[in-house]
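In the numbering used here, the protein residues as written are 14 to 118.
We put the CB at the ideal spot given by N, CA and C, even for glycine.
The structure appears right after this line, and notes come after that.
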């Protein structure tokens with residue numbers, strides 16, 4: 014962010030193509046990535062991250078779909094797996110949103 018320049022401010026500022034968003038306590042912002050990162054390399058990195066998250070999600074869903082696990086495991090373990098699954102889904106959503114932003118022209 015050190016090499017960025019504020020170009021616009023206000024509630025109705027729209028996200029520029031090829032930018033990423035960030036949130037602070039009282040404000041949201043967008044940073045154009047042109048000239049700051051290698052877009053294709055970042056897309057590949059984010060895609061790998063999304064693939065890894067999908068594998069983790071599938072493993073947790075498989076575990077929770079197993080009636081023996083749900084019935085026999087201590088409730089705190091089952092709840093932990095459920096909470097972890099929800100966290101993984103949130104992470105995947107964030108990564109997919111970042112990918113969508115990177116893929117915009």
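Residue of the options minimising C-alpha distance to residue i
i: residue 91; options: 75, 65, 26, 44; result: 75
i: residue 113; options: 49, 56, 48, 50; result: 56
i: residue 106; options: 64, 117, 44, 84; result: 64
i: residue 104; options: 88, 49, 39, 62; result: 62
i: residue 98; options: 78, 117, 85; result: 78
Three-state class that DSSP yields for residue i in the structure shown
i: residue 87; result: coil
With 16 other Cβ atoms within 10 Å as the buried cut-off, status of residue i
i: residue 26; result: exposed
i: residue 59; result: buried
i: residue 37; result: exposed
Endpoints, beta strand (DSSP E) assigned at residue i
i: residue 42; result: 41-45
N-terminal and C-terminal residue of the alpha helix (DSSP H) that residue i is part of
i: residue 77; result: 52-78
Residue j beta carbon less than 8 Å from that of residue i
i: residue 43; j: residue 28; result: yes
i: residue 73; j: residue 115; result: no
i: residue 41; j: residue 32; result: no
i: residue 117; j: residue 51; result: no
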